[in-house]
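Take 2 as the starting number for the sequence shown in our numbering and just add one per residue. Notes to accompany the following structure.
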Amino acid sequence: MIKWGKVWSDFFIVLALTSNIGFIFSEDPYQLVIAITVNLIATVLKFGAKKILTAEMLSASLVADLHLIPATLLYFTGTHLPLAKALAIGAAVANVISIVLLIVEIVFEYRREEEERF
């Protein structure tokens, strides 16, 4: 049975990373808006989740948000574009950590399901 809530949550976690990487390479303002929007959605979806690594995943997501919010302000004011890009890179690192934690969580879930079968 497909757990659609998990599908959407995982989808936005992966999309947060890919949209952020897209901005780092393109430096397109629309890509930055997409990256911050998707990151915020991914963060909201992590609230209320009941998983083993929920706190860690939420923390990584908040770190990404707290990098992308000032990056957006700096980028659109034009005050310090290199710093905006550096902050986006920091957010991408936090997104990678979220993906690693997601993979670890998936392994935990499969192991638990296997143990319940026997």
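Every residue gets a Cβ at the ideal spot worked out from N, C-alpha and C, and that includes glycine. Values in this document were obtained by computation on a predicted structure and should not be read as measured data.
Asked: Can you tell me whether DSSP reads Ala50 as helix, strand or coil?; Found: coil
Asked: Could you check what DSSP says for Asp29 in three-state terms: helix, strand or coil?; Found: coil
Asked: Got a sec? Which residues, its chain only, sit under 8 Å from Val69 by beta carbon, not counting five neighbours each side?; Found: First, the amino acid is wrong: residue 69 is Leu here, not Val. So the qualifying residues of the chain are Asn21, Leu33, Ala36, Ile37, Asn40, Leu88, Ala89 and Ala92.
Asked: If contacts are defined as beta-carbon pairs under 8 Å, then Leu103 and Ile14 qualify, I think. What distance do you get, rounded to the angstrom?; Found: 6 Å
Asked: Rounding to the nearest angstrom, what Cα-Cα distance links Ile53 and Glu106 in this structure?; Found: 7 Å
Asked: Just tell me which of Leu63, Phe12, Asp11 and Leu82 has its CA closest to the CA of Phe24.; Found: Leu82
Asked: Quick one: measure Cβ to Cβ for Val177 and Leu16, integer angstroms, because I've assumed they're closer than 8 Å.; Found: The requested residue 177 is not part of the displayed model; the chain covers only 2 to 119.
Asked: Where Asp29 and Phe119 are concerned, what is the direct C-alpha to C-alpha distance, given to the nearest angstrom?; Found: 52 Å
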